[in-house]
Amino acid sequence: MSETHAATVSYVRDTMLPPAEAPVTERGAIKWLRENLFSGWLNTLLTLIALYIIFVAVRAVMPWLMNSVWNAASLGECRQIVAAAGEGATGACWAVIRDRWHQYMFGFYPRELYWRPVLAFGLLFVALAPVLYYGNRRAELTLTATAGAFVIAVLFALGTPFGIVAAVTVLMAALLALAWAAPKRLVWVTVFYAPVCYLLLWGGSVWAPVTAIAGFALLAAVFVALQPRVGVPVALGAGLVAAVLWWAYPDATVARALSSILPIGLTAVPSTQFGGFLLAITIGVTAISFSLPLGILLALGRQSNMLIVKALSVGFIEFIRGVPLITLLFTASLLLQYFLPPGTNFDIILRVIILVTFFAAAYLAEVIRGGLAALPRGQYEAADSLGLDYWQAQRLVILPQALKISIPGIVSTFIGLFKDTTLVSFVGLMDPLRGVTQIVRADINWKGIYWEPYIFVGAIFFLMCYGMSRYSMYLERKLRTDHR
Amino acid sequence: MHKTILIGALTAAGLAAGASAAATVDDVKARGELICGSNTGLTGFGAPDANGNWQGFDVALCRAIAAAVLGDPNKVRFVPTTGETRFTALASGEVDVLIRNSTWTFSRDTELAFDFVAVNYYDGQGFMVKKDLGVASAKELDGATVCIQTGTTTELNLADFFKANNMTYTPVNVQDDSQAQQQYLAGACDAYTTDASGLAASRATMADPENHIILPEIISKEPLGPVVRHGDNNWGDIVRWTFYALVTAEEKGITAANVEEVAASSTDPEVRRLLGVEGDMGAKIGLDNEFAKRAIAAVGNYGEIFEANIGEATPIGLARGLNALWTQGGLQYAPPFR
Amino acid sequence: MALAPDAPKDSFRLSMLIYDTRFRAMTIQVIVLILFGLAVAWLLNNTVQNLAAKGKTFNYSFLWVRAGYDIEQTLIPYTNDSTHFRALLVGLTNTLVVALVGCIGATILGVIVGVLRLSKNWLVARIMTVYVEIFRNIPLLLWILIIYVPISEIAPAPSAFRVTEEMQAAGQAPAASKILFDTVAVTNRGIYAPLPLFSRPLGSVDLGPVSLNLTFLSIVAVLGASILAYRALRARARAVQEATGVRPVTWWKSLMILVLPTALLLAAMGLHLEIPELTRFNFTGGILLQHAFTALTLALILYTGAFIAEIVRAGILAVSKGQTEAAYALGLRPNRTMSLIILPQALRVIIPPLISQYLNLTKNTSLGIAVSYLDLRGTLGGITLNQTGRELECMLLMMLIYLTISLIISAVMNVYNRSVRLKER
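Protein chains in written order, with my numbering: chain A, 5 to 488; chain B, 21 to 358; chain C, 7 to 431.
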């Protein structure tokens, strides 16, 4: 009907007009501008204010950055070069970073041994791979390959002797093959990462870590031998006692004996040589790894029905969370000498790591408690109805889920902790921010330099923390399995 | 892993506990290394260079002690300490000796149970002001704002000085020397007060040293020296006499360059005793007789150390002043080696 | 049922302590308690031995010794003749004032930024994102150190405020002048603000180490009474509204109740402002807010503000859009929607993390050490500790005080949290 009508009536249009182009204010860049920047008087005002702020910031900083000096032997030389640029010119003196970058990165770690911390850092990611992507071959391969490429590239850039680079390449290739052939076996790298990392960073005889692992082996052996007969708690207790006895008495002697028989090891590097980002990462990573088991125990303790265990956990958590980290660091530096047996004295870095571990454990306990609380009640009841006892339920049902939910929180705790490692400079350690900068400024050549070191260190912190926070947001999205 | 290290360390320390109470010198020898409490970085007095080698006036004394006790000036480990942590580090045995421009005061010597065994630098607290402020004397600073580092004796001296002269001031507390310099240059304070040596070092590195003056008043006595734990007299003797050996060496004209030659040729009995050619000075403090010779050969005599690190030839440009030998009108006076 | 055998009446065996769940909890607790007691005893024993070995005693009598040092910012009277305890109090007030100003400032900034990050304005949203990311991912210590410098380099020196006779003759204005009706001087040494003073103060009552300031107390008392009266007025208005449906006009009455008594009291005590005046070197009189304070507070506000912004943003996003639409459907106006529907729900999400941010900020005030701000750590844990050499006493006392502050904050905020929490019936 309508077709015939359309065909017969001449004044009815039979072809569509092409759509008119949108008005100039409704298309292209102008539309975007109008909608996103000037969509009302308030927005226009905000845009103008924002533009002004950007303008002021750029005008203040640009000349200083444009006149950057990269090649100079001292601040005075920098000033001369900048002064040559014109009357009243300002300029950044990045030459100080060029001169001292290695101290910002490694502190006083011997220069010829830089490959050791770099390798330890690369292996950290290989060790993390099974934790993050257990059994996922592609992801583990990617991470291992990236870590390997990173280590080798950095070693080349540092001018490491060829032999070492070759050995590291072989090691990394072997790990890559392992990740490809048996991704689940990569977990052994994680298990043995701690002693290997210790050996790489501090050096010394290989036998100290080996005998220390023997303690754990003893624990496992006792546990496995006794568990069928006396049950989990007693077996675990006996294993712990055996291990502690081993560490307390024959451990050191055996290690010494072995190293006198077969002296293999790496050049020892004392803790006082540690500094810069090496120190910050060492403290951060060690503290977070050791605080994880402690934090889980504290979180379980806080949720426990046992009054005394609960009270102690709550007391510990609230005490640590109630005082500033800096007071804990001063405790490590000033008070531990009162609390430990007379004459006891050990490394300040170790003391700081212990206190920072406690600090991180209290925060992690709260994160994990959040994860435990987020689990639906039904999970606990289901575990109970299967006849699992407390530890079985925790190990098989509750903790895997609770920890998964807590991973983003754990990562943010780590970011916070990593930033807080800058506070160790107040007890005389060489953190990158104040410690190393103070040393650099004590050099007569660089005395009086202020901004450049801070900007350099701040930029590195930003890159690391921003990367981690992005990663944690990605995880959060990935792990969102709403089952409520 | 670290727990095991900790336990290992604890037990090792527990075993060592008995020993450390005994004699520091034995610990040092057993360890093969001297642990010296140093500054976290003070220009001219103690700071590591780009290669991580510590250098400076205080550092040289540490090296001299290491040379005397262990025979090698490089067998020193430097533990940086802050104003807050230094005395605890010494008291707890973390360091063997603290050579970190610490002022010898009554309460530190008695109450904190330390011994200041010598004075390696006679300092005093002074003021630096900008020339255009038109101030010629510290007595004209009534109402001024003064930048001052916290955690030292200087803040007490400052309060006392202004009180004694019936003047008022506003303190601007700063954390370290670089902050003080920045605040002072920005004009946040009229005057910057710290030890005169520190003022000179700051002034020397400014872009316009000619526009700043150090006021003539020295408002305090700041005898800076090496500190050891009270009660270990033998170790105190070693530190003290190593230092005095360096002073005596300057008095007798012995330098790092000519020490061997002097030892071979000198007929002065005190020089011969000092350098271990005759007598058994070293044995009396538990060392061998050539301890002083090694110390001098390693770092030079007192004057050489001074000139190399903070003297007038260096950018810091400190005059000997009170630290000249007593023969040249200063206060550095070594008791006789006999 | 009758056939069911009775539960075996087994006699108590020692192994039941471990294997019987009825007793196991008890056993574990006893073991834990014993271990804990042993650990405490070990620590105490070590401490006693160490103190004896160092020839030290554990007592707090040093708190009553003359301090001898000056503090740049004192909110309560203090000179270098005061005791260490007084210095502690000065430090405590300095800590609290930074915490208070910081919490308020960070909240305001955080809310603004949080809302602006959701703004449709592309540029503003980007700038806010950049701000949040930069501040969250760089250590606070660096921000304090960085902010400390420009505020001393940009502001004019006190001498720039001077009007010399030649300048007067030539009719020149000085290079800088006081702002806010010629009362506040922003200089490179700090901000000099007018100080409220009373010409007829009520004096104070001395109670040993602490003295009670009657002037302050009377103001607090009068203000408190006013607020109570105001609440009574509101309650009555609500009662009238519920009975009759018409709410009586109360705004002028509440204004009078709130303002008048305090104003009268202040006038009676002779309130006036002490305006800072330029002298030989500096401004004198008024309150001096030094750079250490400004830098620390500003850094804390900017740093914590970035975290609060994220919390606020998450809180607003957590309220589903359906809530707004439902409110509109009910005919509520946008501002009523915000105050009655959105905010109460968003607050429930916002408050718990906000509490922990307040706690963090309060603890982070201790970073004033980086710019030598003499807070609790600077006085008690810094100079006092250094001058007296009593690290054990000072550190323990300092931790105790920080712990108390934290517990008080979390207690107060938890009470508030409970009042806004969803009440499920």
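Cβ atoms here follow ideal geometry from the backbone N, Cα and C, with glycine treated the same way.
For residue i and residue j, what's the separation of their Cα atoms in angstroms?
i	j	result
C/Leu-338	A/Phe-59	42 Å
C/Ala-59	B/Ala-111	11 Å
A/Ile-292	A/Val-415	10 Å
A/Leu-427	C/Leu-147	8 Å
A/Ser-410	A/Val-371	6 Å
A/Leu-407	A/Ile-300	9 Å
B/Pro-355	A/Ala-246	59 Å
C/Gly-395	A/Thr-335	14 Å
A/Glu-385	A/Pro-328	39 Å
C/Ala-45	B/Asp-47	30 Å
In chain order, what residues of the same chain lie with their CB nearer than 8 Å to the CB of residue i, ignoring the 5 residues before and after it?
i	result
B/Ala-88	Ile-258, Thr-262, Ala-265, Leu-307, Phe-311, Ala-312, Arg-314 and Ala-315
A/Tyr-458	Leu-437 and Thr-441
A/Ile-491	Within the shown structure, residues of chain A are numbered from 5 to 488, placing residue 491 of chain A beyond reach of any answer.
B/Gln-75	Gly-66, Ala-67, Pro-68, Asp-69 and Asn-329
B/Val-166	Phe-147, Leu-178, Tyr-189, Thr-190, Pro-191, Val-192, Cys-209, Asp-210, Ala-211, Tyr-212 and Thr-213
A/Tyr-202	Pro-213
C/Gln-329	Ile-347, Ile-348 and Gln-351
Please report whether the beta-carbon of residue i lies at a distance below 9 Å from any beta-carbon of chain F.
i	result
C/Ile-77	Looking for chain F here will not work: the only protein chains present are A, B and C.
Can you have a look at residue i and say buried or exposed, based on whether 16 or more other CB atoms are within 10 angstroms of its CB?
i	result
C/Ser-378	buried
C/Trp-48	exposed
A/Met-20	exposed
C/Ala-245	exposed
C/Lys-184	buried
A/Trp-251	buried
Beta-carbon of residue i versus every beta-carbon of chain A: anything under 9 Å?
i	result
C/Met-401	yes
B/Ser-157	no
B/Ala-339	no
B/Asp-69	yes
C/Trp-70	no
B/Phe-134	no
B/Val-48	no
Can you name, in chain order, every residue of its own chain whose Cβ lies under 7 Å from the Cβ of residue i, other than the five neighbours on each side?
i	result
B/Gly-337	Ala-220 and Ala-224
B/Trp-346	Gln-352 and Tyr-353
A/Ser-295	Thr-361, Ala-364, Ala-365 and Leu-368
A/Asn-47	Leu-41
Does any C-beta atom of chain C lie closer than 9 Å to the C-beta of residue i?
i	result
B/Pro-243	no
A/Glu-456	no
A/Ser-43	yes
B/Ala-33	With a pLDDT of only 41 at B/Ala-33, under 50, the local geometry of the prediction cannot be trusted, and the value read off the model is given with reservation. It does not: the Cβ of B/Ala-33 has no partner Cβ on chain C nearer than 9 Å.
B/Val-192	yes
Who are the near neighbours of residue i in its chain, counting only those whose CB is closer than 6 Å to its CB and skipping five residues on each side?
i	result
C/Val-468	Because chain C here runs from 7 to 431, residue 468 of chain C falls outside it and cannot be looked at.
B/Val-291	Lys-272
A/Ser-263	Ser-209 and Trp-211
C/Ala-305	Trp-149, Ile-150 and Ile-153
Taking 9 Å as the CB-CB limit, is residue i close to chain B?
i	result
A/Ala-295	With the sequence shown as reference, residue 295 of chain A is identified as Ser, and Ala is not the correct amino acid for it. Output row for A/Ser-295: interface = no.
A/Ser-429	yes
A/Thr-276	yes
C/Leu-406	no
For the stretch 167-188 of chain B, enumerate the residues whose C-beta is nearer than 7 Å to any C-beta of chain A, in chain order.
none
Short of 8 Å Cβ to Cβ, which residues in the stretch 51-65 of chain C face chain A?
Asn-52, Thr-53, Gln-55, Asn-56, Leu-57 and Ala-59
Give, in chain order, every residue of the stretch 325-336 of chain A whose Cβ lies closer than 8 Å to some Cβ of chain C.
Arg-325, Gly-326, Val-327, Pro-328, Leu-329, Ile-330, Thr-331, Phe-334 and Thr-335
Positions along the stretch 283-315 of chain C whose CB lies within less than 9 Å of some CB in chain B:
Thr-285, Arg-286, Phe-287, Asn-288, Thr-290, Leu-294, Gln-296, His-297 and Ala-298
Which residues, in chain order, does the stretch 101-113 of chain B contribute to contact with chain C at a C-beta distance below 7 Å?
Gly-103, Glu-104, Phe-107, Thr-108 and Ala-111
Determine which residues of the stretch 431-447 of chain A have a Cβ less than 8 Å from any Cβ of chain C, and write them out in chain order.
Leu-437 and Arg-438
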